[in-house]
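So the sequence lines, in the order shown, correspond to chains W and C. Position in the first sequence counted from 1, then plus 450, gives you the numbering used here. Position in the second sequence counted from 1, then plus 450, gives you the numbering used here.
Number of protein chains: 2
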Amino acid sequence: MNQSWILNKRPSGYPQISDFKLISSDVPKLQEGEVLVESHYLSLDPYMRGRMNDTKSYVPSLKLGDIMTGEVVGKVISTKSRRINEGDFVTAHIGWQKYGKIDASSVRKIDPSLGPISTSLGVLGMPGLTAYFGFLDVCSPMPGDTVVVSAASGAVGGIVGQIAKIMGCKVIGIAGSDQKTSYCVSELNFDHVINYKTENVLNKINEYAPGGVDVYFDNVGGDISDSVMSHLSVGARIAICGQISLYNLEEPAMGARIGSTLLINQAVMRGFLVFQFKSRYQEGLDKLSEWVLDGKIKYKEDIVKGIDKVPDTFIGMMQGKNFGKLLVTFI
Amino acid sequence: MNQSWILNKRPSGYPQISDFKLISSDVPKLQEGEVLVESHYLSLDPYMRGRMNDTKSYVPSLKLGDIMTGEVVGKVISTKSRRINEGDFVTAHIGWQKYGKIDASSVRKIDPSLGPISTSLGVLGMPGLTAYFGFLDVCSPMPGDTVVVSAASGAVGGIVGQIAKIMGCKVIGIAGSDQKTSYCVSELNFDHVINYKTENVLNKINEYAPGGVDVYFDNVGGDISDSVMSHLSVGARIAICGQISLYNLEEPAMGARIGSTLLINQAVMRGFLVFQFKSRYQEGLDKLSEWVLDGKIKYKEDIVKGIDKVPDTFIGMMQGKNFGKLLVTFI
């Protein structure tokens with residue numbers, strides 16, 4: 451039997467357990483060209499919150515009763531494709547469920563001998579590629595630049611900061627607990643990390659970036675970003691990767707207008723999605739793998755066990771409770 | 451005798467006449483390398499408002515008692531430079547005064563046989579160059595793009611819209627009177643113009659740009675910009691040239707946060723100053739001159755007479771009372 455989490459109600463503000471519903475069904479039958487994937491790890495990511503709303507975004511929103519969106523890594527247990535064999539490991543967008551069928555052309559084959567398969571959802575998957583292209587392409591970093599990254603210990607932020615160090619930048623992270631800030635400094639070698647829950651972000655940015663912020667890689671938005679952007683250098687570059695502080699608001703977010711700040715600093719702010727760089731994924735994966743093998747990039751996984759835990763774990767992520775790339779394993 | 455307007459008090463909100471003071475003095479004596487310029491036209495521009503504040507910007511702010519900043523075009527009536535002769539016409543940043551001395555290396559020589567010297571402060575000067583580089587470089591327009599420009603009948607906006615038409619774009623202007631909107635449609639051949647004082651900008655943008663706004667050239671900021679940016683297309687480009695709606699606020703401007711909008715549209719917002727393109731001014735002037743001669747770019751001047759009128763005229767500009775490039779003539 452299959453088990454799947456569906457969207458039961460549209461959340462208003464933070465999602466509730468009752469917004470989700472676990473349903474059982476037969477394992478699906480395959481059509482020509484499809485494969486059946488048994489999920490080993492499900493990736494939980496902030497973008498999923500957006501899909502639960504009935505508003506315009508870059509992909510259509512979920513309908514009530516739809517299976518929750520998500521990418522998994524798992525084993526192909528049945529195939530009607532010549533490209534993918536039974537026993538192959540793949541990443542696949544089958545959503546929050548134990549088994550899912552999917553067109554073989556849309557899965558990515560993984561070599562499990564290269565490392566833990568879970569990394570294909572993290573440092574060697576979408577979060578890693580988001581960090582790689584979002585930082586190197588969108589932010590155009592130069593050696594010596596002062597780089598600020600929010601959600602600094604997260605799946606994307608942790609990699610951004612480490613790539614920035616590889617590039618010869620000075621890195622200031624922002625995170626939400628002393629455990630996270632210590633990790634960024636002692637394990638990831640960031641120059642400074644600010645605990646936004648206990649420290650004044652504005653004052654600390656002024657202290658740590660006396661010449662101004664050259665690059666801001668923003669995962670959170672809101673007041674934290676206002677503080678960072680009040681101290682930009684001339685020619686600063688801001689990448690908007692995520693705005694997690696705003697995803698669960700019931701009203702449109704209001705804040706300090708940014709136009710004059712961009713104007714006087716001749717600064718640029720760019721929103722991006724990793725899919726823009728699809729044609730260059732292999733370049734990113736090759737480089738990230740090399741850095742991981744060389745020990746230049748470390749990663750941290752936060753693995754929760756059990757399909758029944760998915761909604762709770764997802765809600766916790768929205769409140770910053772995870773520490774590292776958040777995965778749920780079903781087997 | 452010379453006459454000069456100085457900063458008498460820092461304004462809070464809209465400037466008042468009493469924030470300025472007209473002083474008389476001897477015509478200044480020249481040092482080696484300097485020229486004495488007799489002002490024929492003074493350019494009044496929104497950026498001057500920023501110089502009156504005591505806050506961080508891209509140039510130091512004026513001190514109380516300083517001569518108000520500004521560029522003039524006029525005649526050299528005395529010279530201690532071999533590069534510039536008596537009788538030459540030049541543009542020079544001598545500020546709000548009848549006569550000013552300035553280093554000869556910082557003036558630009560004008561050929562009065564090519565057209566009215568006043569154009570060197572407008573279409574063939576800083577506003578024209580701002581439109582040229584701000585639109586073509588910062589906005590990367592493509593034929594067929596839907597372009598929105600605010601302050602559409604202004605010194606910069608009117609040229610942006612006409613360059614956009616030359617580039618094969620669809621142009622939607624936003625202006626503040628029926629006289630201005632009619633001018634943009636009938637004289638400048640914009641496709642649509644919205645009167646933001648009498649029409650709902652949001653609804654009109656939806657109507658005129660059904661596929662979304664590809665390029666927004668923003669001179670005003672505030673609510674008008676919020677409406678335009680609520681209807682961006684994927685990959686939209688926003689140039690921040692000015693934010694006149696915010697220059698006279700007594701409190702920092704608050705508004706809808708733009709991060710999520712940029713993110714879901716993979717859009718970019720860039721603040722720029724014309725000085726960034728200094729090394730390419732000649733390219734811009736050559737092209738603009740060619741378009742003016744070919745009748746592809748029209749321009750409109752709003753000329754006020756008398757040095758005593760300068761502060762009043764400047765305050766009026768902040769309220770959108772001028773119609774075309776605003777100049778004050780002293781002779």
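Where is the CB? At the ideal position from N, CA and C, for every residue including glycine.
Are the C-beta of W/N715 and some C-beta of chain C separated by less than 8 Å? Along the first sequence, one-based indexing puts residue 715 of chain W at 265. At least one chain C Cβ lies under 8 Å of W/N715.
Whole alpha helix (DSSP H) runs in the stretch 630–711 of chain C with 4 or more residues, listed along the chain? The alpha helix (DSSP H) runs lying completely inside the stretch 630–711 of chain C and spanning 4 residues or more are 651–658 and 672–679, given in chain order.
Spell out the partners DSSP gives W/V487 in its beta bridges. Here residue 487 of chain W corresponds to residue number 37 of the first sequence, with the count starting at 1. Partner residues in the beta bridge of W/V487, as assigned by DSSP, are W/V526 and W/G550.
Could you check whether the Cβ of W/R460 sits closer than 8 Å to any Cβ belonging to chain C? Here residue 460 of chain W corresponds to residue number 10 of the first sequence, with the count starting at 1. It does not: the Cβ of W/R460 has no partner Cβ on chain C nearer than 8 Å.
Go to W/I622, then tell me how far its beta strand (DSSP E) extends in each direction, as first and last residue. Along the first sequence, read from residue 1 onward, the residue named residue 622 of chain W stands at position 172. K620 to A625 is the span of the beta strand (DSSP E), which, as asked, contains W/I622.
Exposed or buried, what is C/K775 when buried is set at 16 or more other beta-carbons lying within 10 Å of its beta-carbon? In the second sequence, residue 775 of chain C corresponds to position 325, counting from 1. It counts as buried.
Quick one: using the 10 Å Cβ neighbour count with 16 as the cut-off for buried, is W/D758 buried or exposed? Within the first sequence, the letter at position 308 stands for residue 758 of chain W. So W/D758 ends up on the exposed side.
Separation of W/V718 from C/N650, as counted between CA atoms: On the second sequence, position 200 is the one that residue 650 of chain C refers to. On the first sequence, position 268 is the one that residue 718 of chain W refers to. For C/N650 and W/V718, the distance between alpha carbons rounds to 29 Å.
In the DSSP output, what is C/Q453 paired with across the bridge? Working through the second sequence from its first residue, we reach residue 453 of chain C at position 3. The partner list for C/Q453 (beta bridge, DSSP) reads C/S474.
By the DSSP assignment, the beta strand (DSSP E) with W/A542 in it spans what residues? To locate residue 542 of chain W, count along the first sequence from 1; it is residue 92. Here the beta strand (DSSP E) through W/A542 covers F539 to A542.
As assigned by DSSP and simplified to three states, the class of W/K728: Here residue 728 of chain W refers to the residue found at position 278 when the first sequence is read from its first residue. Looking at W/K728 - three-state DSSP - the assignment turns out to be helix.
At 3 residues or longer, what runs of the beta strand (DSSP E) sit wholly inside the stretch 544–602 of chain W? For the beta strand (DSSP E) assignment, the uninterrupted runs of no fewer than 3 residues enclosed by the stretch 544–602 of chain W are, from N- to C-terminal side, 549–553, 558–560 and 596–600.
Cβ neighbour criterion (16 or more within 10 Å) applied to W/L777: Counting from 1 along the first sequence, the entry for residue 777 of chain W is found at position 327. Here W/L777 is buried, its C-beta having at least 16 other C-beta atoms within 10 Å.
Counting beta carbon pairs with one atom in the stretch 539–550 of chain C and one in the stretch 517–525 of chain C, are three or more of them shorter than 8 Å? In short, these stretches touch, since the Cβ pair count reaches three.
Taking W/L738 as the reference, which of W/L586, W/A625 and W/S600 has the closest Cα? Here residue 738 of chain W refers to the residue found at position 288 of the first sequence. Answer by Cα proximity: W/L586.
On the DSSP letters alone, give me the boundaries of the alpha helix (DSSP H) that C/R499 sits inside. One-based indexing of the second sequence puts residue 499 of chain C at position 49. Unbroken alpha helix (DSSP H) run through C/R499: Y497 to R501.
Chain W contact for C/Q629 (CB, 8 Å cutoff): Here residue 629 of chain C is taken as the residue at index 179 of the second sequence, counted from 1. Output row for C/Q629: interface = no.
Quick one: does C/F722 have its CB under 8 Å from some CB of chain W? For this step, residue 722 of chain C is matched to residue 272 along the second sequence. Closer than 8 Å to the CB of C/F722 there is at least one CB belonging to chain W.
Taking the alpha-carbon of W/I747 as reference, which of W/I753, W/V754 and W/F640 has the nearest alpha-carbon? Position 297 of the first sequence, counting from 1, holds the residue named residue 747 of chain W. Out of W/I753, W/V754 and W/F640, W/F640 has the C-alpha closest to the C-alpha of W/I747.
Neighbourhood of C/N656 by C-beta, 8 Å cutoff - its chain only, sequence neighbours within 5 removed: Residue 656 of chain C sits at position 206 when you count from the first residue of the second sequence. Contacts found: H681.
Within its chain, find whatever has a CB closer than 6 Å to the CB of W/V598; leave out the 5 residues flanking it on each side and keep chain order. Here residue 598 of chain W corresponds to residue number 148 of the first sequence, with the count starting at 1. Apart from the 5 residues on each side of it in sequence, W/V598 sits with its Cβ closer than 6 Å to the Cβ of I622, V663, Y666 and V678 in its chain, given in chain order.
CB-CB under 7 Å to C/G483, same chain, minus the five flanking residues each way: which ones, in chain order? The residue given as residue 483 of chain C occupies position 33 in the second sequence. The beta carbon of C/G483 lies closer than 7 Å to those of K530, S531, D553 and A554 in the same chain, with the five residues before and after it left out.
By DSSP, does C/L480 sit in helix, in strand, or in coil? Position 30 of the second sequence, counted from the first residue, corresponds to residue 480 of chain C. Residue state, collapsed to three classes: coil.
Touch check for the stretch 598–610 of chain C and the stretch 703–711 of chain C: three-plus C-beta pairs under 8 Å? They do not touch, by the three-pair rule.
I believe C/D504 touches C/S493 by the beta-carbon criterion, under 8 Å. Please report the beta-carbon distance rounded to the nearest angstrom. By one-based count along the second sequence, residue 504 of chain C stands at place 54. By one-based count along the second sequence, residue 493 of chain C stands at place 43. About 24 Å separates the two Cβ atoms, so there is no contact after all.
Suppose contacts are defined by Cβ-Cβ distances below 8 Å. Is C/V477 in contact with C/N458 by that definition? To locate residue 477 of chain C, count along the second sequence from 1; it is residue 27. To locate residue 458 of chain C, count along the second sequence from 1; it is residue 8. No, they are not a contact pair.
CB of C/S462 to nearest heavy atom of the ligand SAM: below 7 Å? In terms of ligand content, the structure shown is empty, and the ligand SAM therefore cannot be addressed.
Using the C-alpha atoms, what's the distance from W/R501 back to C/Y646? Walking along the second sequence from the start, residue 646 of chain C turns up at place 196. Walking along the first sequence from the start, residue 501 of chain W turns up at place 51. One Cα belongs to C/Y646, the other to W/R501, and the distance between them is close to 34 Å.
Expressed to the nearest angstrom, what Euclidean distance is found between the alpha-carbon atoms of C/T779 and W/P593? For the purposes of this step, residue 779 of chain C is taken as residue 329 along the second sequence, with counting starting at 1. For the purposes of this step, residue 593 of chain W is taken as residue 143 along the first sequence, with counting starting at 1. So the two alpha carbons sit approximately 50 Å from each other.
Run of the alpha helix (DSSP H) containing W/M617, from where it starts to where it stops: If you number the first sequence from 1, residue 617 of chain W lands on position 167. Taken as a continuous stretch (DSSP letters only), W/M617 belongs to no alpha helix (DSSP H), as it is neither H nor E.
Strand pairing of W/V760, partner residues [DSSP]: Numbered from its first residue, the first sequence carries residue 760 of chain W at position 310. Per DSSP, none; premise fails for W/V760.
Give me the DSSP bridge partner(s) of C/I753. Position 303 of the second sequence, counted from the first residue, corresponds to residue 753 of chain C. Partner(s): C/L777.
Name the chain W residues that come within less than 8 Å of C/M704, Cβ to Cβ? As a position in the second sequence, residue 704 of chain C is number 254, starting the count at 1. The answer, in chain order, is M704, G705, A706 and R707.
Determine the extent of the beta strand (DSSP E) in which C/V718 is found, giving its start and end residues. Residue numbering aside, residue 718 of chain C sits at position 268 when the second sequence is read from its first letter. Boundaries of the beta strand (DSSP E) around C/V718: V718 to G721.
Can you tell me the Cα-Cα spacing of C/Q466 and C/L514, whole angstroms? Position 16 of the second sequence, counted from the start, is the residue given in the question as residue 466 of chain C. Position 64 of the second sequence, counted from the start, is the residue given in the question as residue 514 of chain C. Each residue's Cα considered, the two are about 15 Å apart.
Is there a Cβ of chain C sitting closer than 8 Å to that of W/M719, yes or no? As a working mapping, residue 719 of chain W is identified with position 269 in the first sequence. With its beta carbon less than 8 Å from one in chain C, W/M719 belongs to the interface.
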